[in-house]
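Residue 350 in the numbering used here sits at position 354 of the sequence shown; the count goes up by one each step and never skips. For reference, the structure is listed below as structure tokens.
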Amino acid sequence: MLLAARYVLPVATPHIENGAVLVRDDKIIEIGELDRLKAAHPEEEVRDFGLAALMPGFVDLHTHLEYSAMRGLVDDLPYARWKMQVLEKEGRLSPTDWEDAAYLGALEAIESGITTIADVTETGSSARAVAAGGMRAFIYREVSTTDKAKVPAVLDAARADIAEWGDLGGDLLTPGIAPHATYTCHPELFLSVAEMAVQDNLPVSTHLAGSREEYDFVKYGSSPFAVDYRDTYKIGELGWLPTGVSPVRYVLQWGLLDVPSLLAVHCTQVDDADIEVLAKYDVAIAYCPRCNAKLGMGKAPLVKFLGKGLRVGIGTDSPASNNTMDLFDEMRIGLLLQRAAEGRQDFFVARTFVKMATLDAARALGIDDKVGSLEPGKQADIIAVDMSHGHQIPTAYPYSTLVHTANQENVLFTMVNGVVLFENGDVHTIDRERASSRAEEIRDKLRG
Ligand SMILES: [Zn+2]
């Protein structure tokens, strides 16, 4: 199939006007000008999207599909109180609710041009949803306990799930493990996860240095995480010794940075010494600009991350926190926040953010040899984005149009591994009506 559009954005190389991408089976075969490719392959079916951009699918570097039914549920609380409210509501959901919420999340992701997700889950619902949806995914099994005695059992359960999920999605699904956060994990759990990840070569993800509340808890033993949170979940009696160090240094001391591949999420509360540590251990970072801003978690020092050569991609962190899985919004708000805060010296351009949402995020996961850009030989994870609306024309520079005028509803077409998942407004792999009626039912349960 020859996919064509006014603009083809390979991302790794300059864009092509009136371009096309030749796809055969699951691979990209050739990229170039439409006229030339048509002449060279006269038998090939042509699919022309007109005034649109063909680009690599988005890699959402951090999400929780199964939180999709919690969209808008807790919109106006700072991080620690938001987290406690969400945890309180979670208890009302049945296993089927989690599963259906994850399907809703996969539906939204596919419609929004997301072809790869890095998802954190304890239930495994998102593993099943992405396998059914046909997406590419890293699914990290979340683990947490503040009780040292429970660490072996927690890890055994995780090990069993990881083995099962590995069989679900074939080559498209890579399982990993995710110790939740500093305030929910006993240090012994960090040590044991690190040991397991080294032994089994498992990718690891963790929420790290994501809020002032977390920072104050780890370093000084204060903040709602030291009081309300531990009282509510009856973990206060186990006690907590303030460590006197930052969250990054804390997990460093408990071995977590020794794993072969660590993806740290948020990292808004990091100083220069922390960034040196992250760089030394080649930790990848999920930048979640909208979630960080909405929950008052702070601003990640992106200029410094990129200056140190850290691998950084963009994550949406699920509709429970920022309401939509819209990578366009993430790119736009992420870029504007950085420009507003940094001023002129470190002025990010639109193309940097498109790269961060595609190729750089693939690098963060270590799969940039397969996806993240449009290049012959890579897997065909491709999307088409409409640029023909009144608020988008005339287009001057396609990267700017994408970042400054587009949104998830402009996505026309989503292909993963050469398979069309979304076209003409329909997702082929997930039942939209069921997903939306179940979302309403789950919402009723969560209300109040
Ligand atoms: Zn998260």
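Quick reminder that beta carbons are idealized off the backbone N, C-alpha and C, glycines included.
- Taking the Cα positions, S64 is about 19 Å away from D422.
- It is roughly 19 Å from the alpha-carbon of P175 to the alpha-carbon of L169.
- Taking all protein chains shown into account, G311 has 16 or more neighbouring C-beta atoms within 10 Å of its C-beta and is therefore buried.
- Chain-ordered, the residues whose CB falls short of 7 Å from any heavy atom of ligand 1 come out as H58, H60, V116, H203, V261, D313, S314.
- Contact between V415 and G130 holds: their C-beta atoms lie close to 6 Å from each other, under 8 Å.
- The beta strand (DSSP E) runs lying completely inside the segment 33 to 69 and spanning 3 residues or more are 42 to 44, 48 to 52, 54 to 59, given in chain order.
- Boundaries of the alpha helix (DSSP H) harbouring N288: 285 to 290, taken from the DSSP string.
- Its chain contains F324, M327, R328, L331, A346, F349, V350 as the residues whose beta carbon lies nearer than 8 Å to that of V399, once the 5 sequence neighbours on both sides are disregarded; these appear in chain order.
- Of A280, V241, A316, the smallest CA-CA separation from V261 is found for A280.
- Here T92 is exposed, its C-beta having fewer than 16 other C-beta atoms within 10 Å.
- Selection E184, C263, F221, D152 evaluated against Q249 yields E184 as nearest (Cα-Cα).
- Collapsing the DSSP output to three states places S201 in a strand.
- Across the set S314, E272, G294, the C-alpha of E272 shows the shortest separation from the C-alpha of G305.
- With a contact defined as Cβ atoms closer than 8 Å, Q265 and P243 qualify at about 7 Å.
- The residues K304, G305, L306, in chain order, have a CB closer than 7 Å to that of A275 in the same chain once the five nearest residues on each side in sequence are set aside.
- In the structure shown, L237 falls within a coil segment according to DSSP collapsed to helix, strand and coil.
- The DSSP-derived three-state label of V139 is strand.
- Counting every other CB atom within 10 Å of its CB across the protein chains shown gives Y216 a total below 16, marking it as exposed.
- Counting every other CB atom within 10 Å of its CB across the protein chains shown gives T228 a total below 16, marking it as exposed.
- Straight across, the Cα-Cα distance linking E405 with P256 is about 37 Å.
- K34 and T9 have their C-alpha atoms some 21 Å from each other.
- With the rule of 3 Cβ pairs closer than 8 Å, the segment 285 to 298 counts as touching the segment 67 to 79.
- Y246 carries a helical assignment under DSSP once its states are collapsed to helix, strand and coil.
- Taking a contact as a CB-CB distance under 8 Å, the pair H58 and A282 counts as one, their CB atoms being some 4 Å apart.
- Within the same chain, R335 come within 7 Å of F343 by CB-CB distance, once the 5 residues on both sides are set aside.
- If you draw a straight line from the Cα of T202 to the Cα of A177, it is about 6 Å long.
- In the structure shown, L417 falls within a strand segment according to DSSP collapsed to helix, strand and coil.
- Measuring C-alpha to C-alpha distances from L253 to each of A48, V200, L302, P6 identifies V200 as the nearest.
- Taking the CA atoms as reference points, R20 sits about 6 Å from M(-3).
- Contact check for L370 and P6: beta-carbon distance about 4 Å, within the 8 Å limit, so the pair qualifies.
- Of the other Cβ atoms in all chains shown, 16 or more fall within 10 Å of the Cβ of R132; this residue is therefore buried.
- Here M321 carries a coil assignment [DSSP, helix/strand/coil].
- Taking 7 Å as the cut-off, the beta carbon of A376 is found closer than this to the beta carbon of K23.
- N413 counts as buried, since at least 16 other C-beta atoms from the protein chains shown sit within 10 angstroms of its C-beta.
- A260 is bridged by DSSP to T202, I281.
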